[in-house]
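**Q** Just so you know, the protein sequences line up as chains A and B, in that order.
Here the working numbering is used: the first residue of the first sequence is 878, the next is one more, and so on.
Here the working numbering is used: the first residue of the second sequence is 32, the next is one more, and so on.
Okay, here's the structure, questions in a sec.
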Amino acid sequence: MINSVYIHIPFCQQLCHYCDFTKFFYNEAAANEYIEALANEINQNIPNEKTYVKTIYVGGGTPTALTVEQLRSLLNLIYKKFDIANCKEFTIEANPGDFDIDKIKLLKSYGVNRISLGVQVFDDKMLEELGRIHKVKDVYRTIDLLTQQHFSNISLDLIYALPNQTVNQFEKSLQEAMTFNLPHYSTYALQIEPKTIFYQRYKKGQLHRPPQEAEVEMYTILKDTMQANDVYQYEISNFAKQGYESQHNLTYWNNDYYYGFGAGAHGYLPGKRIGNIRPLPHYIKKALDNGMPVLTTEEIGLKEQIEEEFFLGLRKLEGVSKSSFEKKFGFTYNKLYGQTVSNLIQKGWLAEDQQYIKLTDEGILFGNDVFAQFLLENSDLELVY
Amino acid sequence: MVKKQKNVRNFSIIAHIDHGKSTLADRILENTKALTQREMKEQFLDAMDLERERGITIKLNAVQLQYASKDGEEYTFHLIDTPGHVDFTYEVSRSLAACEGAVLVVDAAQGIEAQTLANVYLALDNDLEIIPVINKIDLPNADPERVAQELEDVIGIDKDDVILASAKDNIGIEEILERIVTDIPAPQGESEEPLKALIFDSLYDPYRGVIAYVCVKDGAVKIGDKIKMMATGKEFEVNDLGVFTPKPVNKDELTVGDVGFLTASIKNVGDTRVGDTITLAKNEADTPLPGYRRLNPMVFCGLFPVDSNKYNDLREALERLELNDSSLQYEAETSQALGFGFRCGFLGLLHMEIIQERIEREFNIDLITTAPSVIYEVEETSGETVEVDNPSVMPDPQIIKEVREPFVKATIMVPNDYVGAVMEIAQKKRGQFMDMEYLDDIRVNVIYHIPLSEIVYDFFDQLKSQTKGYASFDYDLIGYHPSNLVKMDILLNGETIDALSFIVHRDFAYERGKHIVDKLKDLIPRQQFEVPVQAAIGNKIVARSTIKAMRKNVLSKCYGGDISRKRKLLEKQKEGKKRMKMVGSVEVPQEAFMAVLEMNDD
């Protein structure tokens, strides 16, 4: 069963210097066309109305860069195709810079029940350097408005290890974020991705990232601070109060299926992971044409499923359930990974109890090293089949 | 002299890289109708992929062409190709020895280069008639006037004899062909004399054994003849004879003036040494042709498989390459740090790079190459002299009386604006200034004596970059001289890594040590623990840096459900590890082993 939907809105009022998602400067005509194309893609893939899904996530880009009218047609579309009344979590990403009371009311009326706010850092100067259009005061204003409209499930996105950021600056910004006492925080260490402005600067030696030592210190402060505020870590970069874990994001880490609609969106359907065309005109043409604007299809065979069960599952703090693994694949994990797991336990990166295999505190810091160990060779499967 | 011999013309083309030799060769093939347009693959003579990519010719080829001259007669041309790099000077000299003339091609904008000049001198040494051609006259910055004057000043060629051409636009080609007929003499040998055939190249063919490229100087050779290699004394029976047109065409006999190929069930290219003379076993020539020299490798390095399981694959690769390359030498070597591998000898750096690249590409073996070294002569206190081609086996300082290293005479040709830059590099490379001569108003020949070890690595690169590419360079080995040399060891995490040891002049030791430990610090990625990097002479640490411990390696970013991308990242990380070598407890990337000789400060 496919119980989750991701919908990508690739428009922004301004392009952030670090972002490598599919995004374009907002343009009214293009956005109208895009919504039409998106509608066709969704209609072709979801034939029935009021289809049940557990989670819907509208991300970007910046969904709130759309006008009220455009947002309304997008929400109408979603409302028609999916059974919103029974949808557990309906998230929309929003920018403090282009959110207003009309848009907030609109979202509320269509059953959106979770808002993910791209705040990034509580420091106007750094916001400017990131290429963001909002200021710290906009965050206060937006959260006020959201609270007034009875949105309680709000998440803040924070980025740390920013260029020239000191540990003290980070701590101060984090403390300010905590004052809102929100139920969910997503935190990412800045990643320099190709095809971004930051990457160009970095290559020219004009961008100075904090050293690894500082980054680790920031991460430690982050964990301690969250804990002190009763927000617990349930995934490498996600913290929530009990019961507020993002159901949609857990779809990814639980290795469950999800649709991905929109330019550059990714989906996981039985047997394959697909990636949509990124450039807007090509996406629109293809989506209007036959509703299948797919660029890449990666076959997910048994080997890939097994690998992903681990390298995604281990991102959750609870870890990978041994019994679920056995139920899913028909053999115990240790037939394939017994040696790998015991080596990593010895190294202090993994821990194991009756039910779960999970990363240790130290293991989280070296997550990629751990995950890479779970990649298999084709011949490994002969051990179990 | 029979008419057939009278109408034969054997020649080479001498040119600097990029001055248009290959294009000119193609035009000659076209204009003599050797190839139809359809068969015409761009630059026919450069067949090997690597050659094509690097724009240089490594293997020689000889092509027979028919040319109907304006004088009404039909001529047989043999175009003998020559390699275009300083590493292969000897091979050039032997292919020139097969000719009576050479077409000298010089770029109309850039003028003559040091390497070309060196080859022209080789041609003159072999008494070749030179036909000067100024190519690329169609270029906007062409200055044929100046270049012609330069040819007159530098080589003594009458500037009125120069042909102006553009091989690209087919200008001047006919004149070149006519001048080959009129200016280059026919081969002078005697068909009644005992056989003397010069081997100027050979290659190994898996089905036919070694194919020797020969030029018959005296006598004749027929299929079934018993032949003898005069240098090695080995005897074989001829299976096949023929010429390339450029397709191979079999013949029953090769006679005076013929340039073609010969096979005789020869299993090893070492038996057909370039420069050797083939004669008949039953009717031996008294003396071989002059000029034979056994080629000795000048540059040595260790080749180790990154994956130690591939040691036997590497041995097979070297065996295969050796079949075709008699100047490649190798013997098994064991390194504490790198395990089992081979110590290999090469004619020069380019030769080394080519072999290394072919092993990686054609045999799919990831290699670790240790820094190139030369052969040092070490006189011990006992009076015994040992040859050291591997820094890690340098004797203990206590028993060394004197260390001698090979020196070369380096000839650097450069516009006078860059003389200062050249001198600075040469000085840094421990060069001893010998002479400087003005070739004309602008061009200067600067001559230095420089230790070979200093030029084997990045000398030419530095020269090129410091002179905006204007400098050209040639060198000759001039013998061994004592130097104040010491062995420097590199320690990672307190362990001496034998594969990183190198020999350095004592005066430069501290500076070099500091530079290298800093460089290694940047090249070796952070490990799970802190790793000190030290440079030591004997027991004395002269420089130190520290690779900090890796503190984290995790992606916090979500990628919006793009799991395929995460997977790729993890796979890349896993692949990357495969290209690293575990040295003791430290993972070292391939590049680190070459770092020890890099001097530039970037």
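Where is the CB? At the ideal position from N, CA and C, for every residue including glycine.
1) Could you work out which residues of chain B lie near R1150 of chain A, taking near to mean beta carbons separated by less than 8 Å?
2) Hey, does G1082 of chain A have any beta-carbon neighbour from chain B nearer than 8 Å?
3) How long is the line joining the alpha carbons of K35 of chain B and K259 of chain B, rounded to whole angstroms?
4) So which residues on chain B does T1217 of chain A lean against when the C-beta distance must stay under 9 Å?
5) In terms of residues, what are the limits of the alpha helix (DSSP H) holding H382 of chain B?
6) Is V269 of chain B closer than 8 Å to K282 of chain B when the C-beta atoms are compared?
7) Specify, as a first and last residue, the run of the beta strand (DSSP E) that I578 of chain B falls within.
8) Give me the Cβ distance between F533 of chain B and M519 of chain B, rounded to the nearest whole Å; I'm assuming they're in contact under 8 Å.
9) Ends of the alpha helix (DSSP H) at P1158 of chain A?
10) Would you kindly work out how many angstroms separate the C-alpha atoms of N150 of chain B and R596 of chain B, rounded to a whole number?
11) Mapping the DSSP letters down to three states, classify D1021 of chain A as helix, strand or coil.
12) Give the secondary structure of E1203 of chain A by DSSP, where H, G and I count as helix, E and B as strand, and everything else as coil.
13) Once the 5 residues before and after L378 of chain B are set aside, which same chain residues still bring their CB inside 7 Å of it?
14) Does the Cβ of Y479 of chain B have 16 or more other Cβ atoms within 10 Å, making it buried, or fewer, making it exposed?
15) Whose Cβ in chain A lies nearer than 7 Å to the Cβ of L554 of chain B?
16) Once you ignore the five residues that flank N524 of chain B on each side, which residues in its own chain have a CB closer than 7 Å to its CB?
17) With respect to the beta strand (DSSP E) encompassing P446 of chain B, which residues constitute its N-terminal and C-terminal limits?
18) Find the nearest neighbour of I443 of chain B within the set B:D427, B:M465 and B:K432, judged by alpha-carbon distance.
19) Is the beta carbon of V1261 of chain A sitting closer than 8 Å to the one on L1191 of chain A?
20) Answer yes or no: do A530 of chain B and T401 of chain B have a C-beta to C-beta separation smaller than 8 Å?
21) Say whether chain B places a C-beta atom closer than 8 Å to the C-beta of D1246 of chain A.
22) So which residues of chain A does N340 of chain B contact, with C-beta pairs closer than 9 Å?
23) Measure how close the beta-carbons of L1146 of chain A and Y1160 of chain A come, nearest whole angstrom, since I'm counting them as under 8 Å.
24) Can a CB atom of chain A be found closer than 8 Å to the CB of L354 of chain B?
25) Could you please give the first and the last residue of the uninterrupted alpha helix (DSSP H) stretch that includes P279 of chain B?
26) Pull up the distance between the alpha-carbon of Q74 of chain B and that of H382 of chain B, whole angstroms please.
27) Have a look at Y634 of chain B and N421 of chain B and give me their C-alpha separation to the nearest angstrom.
28) Whose C-alpha, out of A:C889, A:D960, A:Q921 and A:R1009, is nearest the C-alpha of K927 of chain A?
29) Give the straight-line distance between the Cα atoms of H512 of chain B and V337 of chain B, rounded to the nearest whole angstrom.
30) Using a 10 Å radius around the Cβ and a threshold of 16 neighbouring Cβ atoms, would you call M1103 of chain A buried or exposed?
31) Span of the beta strand (DSSP E) holding A914 of chain A?
32) Could I get the ranges of all uninterrupted beta strand (DSSP E) runs contained in the segment 294 to 346 of chain B, with 3 residues as the minimum, in chain order?
33) Could you give the residue range of the beta strand (DSSP E) that holds A251 of chain B?
34) Verify whether the separation of the beta carbon atoms of G51 of chain B and V136 of chain B is less than 8 Å.
35) Can you name the start and end residues of the alpha helix (DSSP H) that E606 of chain B belongs to?
36) Do the CB positions of I161 of chain B and V178 of chain B come within less than 8 Å of each other?
**A** Based on what the coordinates show:
1) The contacting residues are I594 and S595.
2) With 8 Å as the cut-off, G1082 of chain A does not count as an interface residue toward chain B.
3) When the Cα atoms are used, K35 of chain B and K259 of chain B turn out to be separated by approximately 26 Å.
4) Chain B residues near T1217 of chain A: none, gap ~13 Å exceeds 9 Å.
5) Where H382 of chain B is concerned, the enclosing alpha helix (DSSP H) stretches over L380 to E393.
6) Between K282 of chain B and V269 of chain B, the C-beta gap is not smaller than 8 Å, which leaves the two residues out of contact.
7) I578 of chain B -> beta strand (DSSP E) spans K571 to I578.
8) Contact between F533 of chain B and M519 of chain B holds: their C-beta atoms lie close to 6 Å from each other, under 8 Å.
9) Element bounds for P1158 of chain A: L1157 to N1167.
10) Approximately 54 Å between the Cα atoms of the pair.
11) Of the three classes helix, strand and coil, the one that applies to D1021 of chain A here is helix, per DSSP.
12) Here E1203 of chain A sits in helix by DSSP.
13) D118, F119, L326, P328, M329 and S358, listed in sequence order.
14) Here Y479 of chain B is buried, its C-beta having at least 16 other C-beta atoms within 10 Å.
15) Here the premise fails: no neighbours, minimum Cβ distance about 17 Å.
16) Result list for N524 of chain B: V562, P563, G615, S616 and V617, in chain order.
17) I431 to P446 is the extent of the beta strand (DSSP E) around P446 of chain B.
18) That would be B:M465, whose Cα lies nearest to the Cα of I443 of chain B.
19) Cβ distance not < 8 Å, so V1261 of chain A and L1191 of chain A don't count as in contact.
20) Against a cut-off of 8 Å, the Cβ pair of T401 of chain B and A530 of chain B comes out as a contact.
21) Yes, its Cβ sits closer than 8 Å to a Cβ of chain B.
22) Under a criterion of Cβ atoms nearer than 9 Å, no residue of chain A is adjacent to N340 of chain B; the nearest Cβ is some 15 Å distant.
23) Not a contact, Cβ separation roughly 18 Å.
24) For L354 of chain B, the answer is no, since every Cβ of chain A falls outside 8 Å of its Cβ.
25) Where P279 of chain B is concerned, there is no enclosing alpha helix (DSSP H), although the beta strand (DSSP E) around it starts and stops at P279 to K282.
26) Confidence at Q74 of chain B is low in this model, with a pLDDT of 45, below 50, so its placement is unreliable and the value that follows should be read with caution. Taking the straight line joining both Cα atoms gives about 22 Å.
27) This structure leaves residue 634 of chain B out entirely; chain B is present only between 32 and 633.
28) The candidate whose alpha carbon is nearest that of K927 of chain A is A:D960.
29) The alpha-carbon atoms of H512 of chain B and V337 of chain B are separated by roughly 36 Å.
30) Residue burial is scored here from C-beta neighbours: M1103 of chain A has at least 16 other C-beta atoms within 10 angstroms and is therefore classed as buried.
31) Boundaries for A914 of chain A: no beta strand (DSSP E) harbours it, while the alpha helix (DSSP H) harbouring it runs E905 to N922, taken from the DSSP string.
32) Those beta strand (DSSP E) runs which fall completely within the segment 294 to 346 of chain B and span 3+ residues are 308 to 311 and 330 to 336.
33) If you look at A251 of chain B, you'll find it in the beta strand (DSSP E) that goes A251 to K253.
34) Closer than 8 Å, so yes.
35) Unbroken alpha helix (DSSP H) run through E606 of chain B: I594 to K609.
36) Cβ atoms of I161 of chain B and V178 of chain B: not closer than 8 Å.
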